[in-house]
Amino acid sequence: MRSERTCVLIISSLLFGLPACGNLITNGSFEEGTYSPTQWGWQTLVAGNNSITGWVVGNGSVDYVGAYWQPAHGSRSLDLNGDGSQGTIWQVFSSTPGRLYRVTFALAGNPDAQPRTTTLRVWADDPSATFADFSFTVNGQTYSEMGWTYHSWIFSATSGQTRLGFTSLDAYSGPVWGQNWGTSFGPALDNVTVEALGGEHLPEPGTLMLVGLGLAGSAWLRRRFKPGL
């Protein structure tokens, strides 16, 4: 029985792996970076900008927000709609092909334009293939009470490097304070984390086959040499 139990434990360890790891994302709360805010408490960053440590603005523009409103964590957050355009921000992290990863983040909406529903897309590598959309209803929130909500999304990595991105889908362009500011009021993002989920990355089929053969062989030998057989 000890040999069989040992083999079962080996297979179990291969299948179920380790517990979830720590945060794989750098600067998920956007606290670190070169920050030069306007008098209102934000800084607009355009495509290609990497002022926020670990992150790159993909397309459009985003607002790097400090004192303008209450963040979900720390002292800074993002408005994914910058100066009249829907923006994207992304970061690359090391991953294992076939393993599952859980993305968690805080979502709210720019309270300057309400009521409305604001939506962002979280994606891995390809924003049109591996993604999920999340919405937030902006209705009654204030700068000091943003109403942040937390969301999670699980995806399977396809390579050793994964590009995680967040894109605004908010095209609101109605008047605010009597003026039309274009699509300058988007989803607010903060406190991004990514963790690898233990046990979801299965070993190669050949490895399982060898372990399985070892288990079967052990059982056969035990029966073969058992007294009376």
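In terms of the numbering used here, the sequence shown has 174 at position 190, counting the first letter as 1, and numbering is strictly consecutive.
Where a beta carbon is used, it is the ideal one built from N, C-alpha and C, also for glycine.
On a predicted model such as this, the values are computed, not experimentally measured, just so you know.
Per DSSP, the continuous beta strand (DSSP E) segment holding R147 begins and ends at Q145 to S152. Contiguous beta strand (DSSP E) elements confined to the region 9 to 46 occur at 26 to 30, taking only those with 3 or more residues. Taking a C-beta distance under 8 Å as the contact criterion, G25 and S152 do not qualify as a contact pair.
Around the CB of A113, fewer than 16 other CB atoms lie within 10 Å, so the residue is classed as exposed.
According to DSSP, residue pairing for L173 in a beta bridge involves L62 and L91. The DSSP-derived three-state label of T167 is coil. Per DSSP, D117 is one residue of the beta strand (DSSP E) stretching across F115 to V122. A distance below 8 Å separates the beta carbons of R86 and L181. The three-state reading of DSSP puts L181 in coil, since its state is none of H, G, I, E or B. For W107, the uninterrupted beta strand (DSSP E) run begins and ends at R100 to A108, by DSSP. Between the alpha carbons of S143 and P55 lies a gap of roughly 33 Å. Closest in C-alpha terms to N94, from the list F77, R83 and S119, comes S119. About 7 Å separates the CB atoms of L173 and S61; that is less than 8 Å, so the two are in contact.
For T126, the secondary structure class from DSSP, reduced to helix, strand or coil, is coil.
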